[in-house]
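Some notes on the structure that comes next.
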Amino acid sequence: MFNEDTQMKIHWHQLNLSHVLIPLLALGPVGSAAFAQVSEERASSRALEEIVVTAQKREQRLQDVPLSLSAITSQTLEDSGLSGIQDLAQMTPGLIFQETIGRQTTAPSIRGIAPGGFSDPTVAVMIDGYTSGFQRSGNNASLVELERVEILRGPQATLYGRNAIGGVINYITKKPDEEFRGDLRAEAGSYDTYLLQGSVSGPLMEDKLFGGIALGYRESGGFLDNEFTGESNVNDEEDVNARVSLRFVPTDRLEVNFTADYNEADDAYGDPSYVYPNQYLTGSPPSLLDVGAGLVDFNDIDRRVDQVPAGQGFVREEATFVLNVTYDLGWATLTSITGTSDQETSIISPFTREPSSAFDFDVQWDIESWSEELRLASQGDGPLQWMVGAYIFDNQRERSLFLDFGDANWALFQQSIDEVENLAVFGNVDYAISEKWSIAAGLRYDQEDRKLTDLLLNREGESSIEEWLPSLSLSYRPSDDIHVYGTVSRGYHAGGPNELGSVAAGAPESYDPEYLTNYEVGIKGQLPDAAFSYEVALFFMDWEEQQVFTAFDTFNRFIINAGQSEVYGIELFGRWNPVEGLELTGALSWLDTEYTEFFNPIDTAPFGIDPDLAGNRLPYAADLSASASAQYTRPLSNGWDLRLRADMSYVGDRAFDATNLFVADEYFTTNLYAGIQNERFELGAYARNVTDEEFLNGGFVPSPGFPPLATLGDPRIVGLRLRVRL
1 MFNEDTQMKI
11 HWHQLNLSHV
21 LIPLLALGPV
31 GSAAFAQVSE
41 ERASSRALEE
51 IVVTAQKREQ
61 RLQDVPLSLS
71 AITSQTLEDS
81 GLSGIQDLAQ
91 MTPGLIFQET
101 IGRQTTAPSI
111 RGIAPGGFSD
121 PTVAVMIDGY
131 TSGFQRSGNN
141 ASLVELERVE
151 ILRGPQATLY
161 GRNAIGGVIN
171 YITKKPDEEF
181 RGDLRAEAGS
191 YDTYLLQGSV
201 SGPLMEDKLF
211 GGIALGYRES
221 GGFLDNEFTG
231 ESNVNDEEDV
241 NARVSLRFVP
251 TDRLEVNFTA
261 DYNEADDAYG
271 DPSYVYPNQY
281 LTGSPPSLLD
291 VGAGLVDFND
301 IDRRVDQVPA
311 GQGFVREEAT
321 FVLNVTYDLG
331 WATLTSITGT
341 SDQETSIISP
351 FTREPSSAFD
361 FDVQWDIESW
371 SEELRLASQG
381 DGPLQWMVGA
391 YIFDNQRERS
401 LFLDFGDANW
411 ALFQQSIDEV
421 ENLAVFGNVD
431 YAISEKWSIA
441 AGLRYDQEDR
451 KLTDLLLNRE
461 GESSIEEWLP
471 SLSLSYRPSD
481 DIHVYGTVSR
491 GYHAGGPNEL
501 GSVAAGAPES
511 YDPEYLTNYE
521 VGIKGQLPDA
531 AFSYEVALFF
541 MDWEEQQVFT
551 AFDTFNRFII
561 NAGQSEVYGI
571 ELFGRWNPVE
581 GLELTGALSW
591 LDTEYTEFFN
601 PIDTAPFGID
611 PDLAGNRLPY
621 AADLSASASA
631 QYTRPLSNGW
641 DLRLRADMSY
651 VGDRAFDATN
661 LFVADEYFTT
671 NLYAGIQNER
681 FELGAYARNV
691 TDEEFLNGGF
701 VPSPGFPPLA
711 TLGDPRIVGL
721 RLRVRL
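Residue numbers (the UniProt record's numbering): 1 to 726.
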């Protein structure tokens, strides 16, 4: 599939990356994405701070959790200058945010477990333990005033339930307390890119009530040109974020935390349509491309035309409210998490890639979700720790498709309502067999009912699912600094009815759940005297009844159970402070993915495609991805410090579809920062994607007869940053 030039390019990038990673990896197994070091005086001490996480819904040291986990704290987010959740993938190998037709259609995948098309997510994205359950929720969540981001790899269904088949991303907000905090950050960069973020928090009623507010605004003028019209920078973006936090502590036993989160995004529809030479060998079967000829130089191809009125394109508003109540019973802790969210999304796009569109389409989603989780967890230091809980989830998603056949003559083409009700009970026990050995087991009963109503066809489709989701882990701790573990867990991705218009055209009425079983062994440890921490995880995952997104044509798209896959992998993470003021991190993910069974009846033999795709690798699964960072802080004078930082990220080539004919090249990016700072002020300059690497964030083939669509990653952006702490 790869020519000699491509192979040489891949080899060069891997060699180039090895110059960064080998000095870290050669020290031993590299450690948990301990990007989460929290130290107020990092430049004056080499010691690694202890990281506490809540990945298993109780406070634990990061290295005591028997699964592969990254914890990225606010300090790391601030130091690296990340502004959006998609940036998290730059420092988390194995995590990929796949784009289809823009950042508003971005969905995360972990370890190659990616959702098909616009189906439910395979990674549960949460804010303070609440998830709306929609694939694209949280795309514009603000990173301001976050305590940390926890990224759990592998199926987490026992504690997190539906659709956590690939993992979990949990954004944990900062809780206001008795200390007054204020922060203002401003950036200005290339392509008219501007960022303004501010937050303030503190006491409202002494020792009882605390509050905080965080605001953010970001805009980018875009970097894509429309060669048909002569317009420049047609893919502009704009974000507005707001978060309000309240913390009420009426007694020493009761604590109430409330978070209201709002984000709004308004993007122009300026995504390019990449054209391949000789793209169709014969006829117009889906995904059949002559990729051997390679991409046309993206500077020379015709851009996708931006035909929508000003201010339209991708428009999204999302509001999320989470109430977390914790009561200390003395012998146990009772926790209630109540969440609700409302999301409205509209995608208005020209249907063709011509200067005058024959017709446009407008896809609208209106999504409302609500959930309640109630948990009771043991307290104390005894050998037996336990937890029981119950969960209820309700989601309603209305989808409307409008077509404009010219002269603003909009017509309603499709309209449906998808309703989901989910009930679950779960439990988990952890027993210390001895000082060195412990065992943990969990079980969840999950019941989901789903109904799809087509309002135009006046038809309904229903499905009902019941699942038992177990997990088991064994831990061995030869010392306080080393944890060896083995774990087995099972997750599922819910099934449901297909769009009834597609059913009328011949698609199956429904699709079944898909199941993923994870077998994992790992070691986590640290060398305190050397200021070094590490983690190694080896895993095998068996993916059964795999859901595949396919289509008869542009409008008749549906899901079938056509695949079974196997995934092997190794993950390495580490952090090292070799000398005072210098912090190094390294991380690597290697995957071997393969469809062991996959028959796609839509890709038919008359067009020259073998519908048996067994042996192909999974879409969006990079065989190799890695990251490394180096930060050096040096005292200057009068309380000022010099801070230098470099963040490097490598992502190997990925297939964007199951046929493996639409393949994106590997890429390597570097971000640099240099600045001065003291306790109150910071002034610096940054450069993202310093080498101006050209790469694709995602792509897909819409339907038979259409060329492949792909979205381009950001070019080099340089700018200035100013930060003031109150």
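C-beta: ideal position from N, C-alpha, C; glycine also.
- Here the alpha carbons of LEU582 and PRO155 stand approximately 35 Å from one another.
- Setting aside the 5 residues that flank it on each side, ARG162 is surrounded in the same chain by ASN422, ALA494, each with a C-beta closer than 6 Å to its C-beta; the list follows chain order.
- Put simply, the backbone Cα of SER341 is about 41 Å away from that of TYR476.
- Counting along the chain, SER502 sits inside the alpha helix (DSSP H) bounded by residues 500 to 504.
- In this chain, GLN90 is not harboured by any alpha helix (DSSP H), its DSSP state being neither H nor E.
- Straight across, the Cα-Cα distance linking TYR568 with SER473 is about 19 Å.
- Following the DSSP letters along the chain, one finds ALA157 inside the alpha helix (DSSP H) bounded by residues 157 to 160.
- The segment 373 to 387 and the segment 50 to 62 touch, with no fewer than 3 CB-CB distances between them shorter than 8 Å.
- Secondary structure note for GLN75: its alpha helix (DSSP H) is the uninterrupted segment 74 to 80.
- Under the three-state reduction of DSSP, ASP481 is assigned to coil, being neither helix nor strand.
- Using a 10 angstroms sphere on the CB of VAL536, the tally of other CB atoms reaches 16 or more, which defines it as buried.
- For the pair of segments examined, the segment 613 to 622 was found not to touch the segment 638 to 647: the number of CB pairs separated by less than 8 Å stays below three.
- Per DSSP, SER201 is one residue of the beta strand (DSSP E) stretching across 193 to 205.
- CA-CA distance, GLU145 to TRP386, rounds to 32 Å.
- For ALA646, the uninterrupted beta strand (DSSP E) run begins and ends at 641 to 651, by DSSP.
- The three-state secondary structure of ARG103, taken from DSSP, is helix.
- For PRO635, the uninterrupted beta strand (DSSP E) segment begins and ends at 624 to 635.
- The C-alpha of TYR686 lies about 22 Å from the C-alpha of PRO93.
- For the options PHE540, GLU544, TYR632, the alpha carbon positioned closest to that of VAL579 is the one of TYR632.
- Secondary structure note for THR320: its beta strand (DSSP E) is the uninterrupted segment 314 to 328.
- Under the three-state reduction of DSSP output, ALA530 falls in the helix class.
- The beta-carbon separation of SER201 and ARG181, rounded to 5 Å, stays under the 8 Å limit for a contact.
- With fewer than 16 other beta carbons inside 10 angstroms of its own, ILE433 counts as exposed.
- Residue environment: PHE97 is assigned as buried (16 or more neighbouring CB atoms within 10 Å of its CB, all protein chains considered).
- Taken atom to atom, the span from the alpha-carbon of LYS451 to that of GLY563 is near 24 Å.
- Here the alpha carbon of TRP468 sits roughly 31 Å from the alpha carbon of ARG459.
- Excluding its 5 nearest sequence neighbours in each direction, THR453 has C-beta neighbours in its own chain below 7 Å: SER416, ILE417, GLU460, listed in chain order.
- Beyond the five residues adjoining it in sequence on each side, THR670 comes within less than 6 Å, by CB distance, of MET648, VAL690 in the same chain, given in chain order.
- With 16 or more other CB atoms across the displayed protein chains lying within 10 angstroms of its CB, ILE151 is buried.
- If you draw a straight line from the Cα of PHE540 to the Cα of TYR445, it is about 24 Å long.
- Of the residues assessed, PHE558 falls on the buried side of the cut-off, its CB having 16 or more other CB atoms within 10 angstroms.
- Distances from the CA of PHE248 to each of ALA265, GLU178, ALA47 were compared; the closest alpha carbon is that of GLU178.
- When secondary structure is reduced to three states using DSSP, LEU67 falls in the coil class, being assigned neither helix nor strand.
- Residue state for LEU683 is assigned as strand, using DSSP reduced to three classes.
- In this structure, the beta-carbon distance from ARG153 to ILE110 falls below 7 Å.
- Cβ contact annotation for ASP481 (same chain, cutoff 6 Å, sequence separation greater than five): GLY525, GLN526, in chain order.
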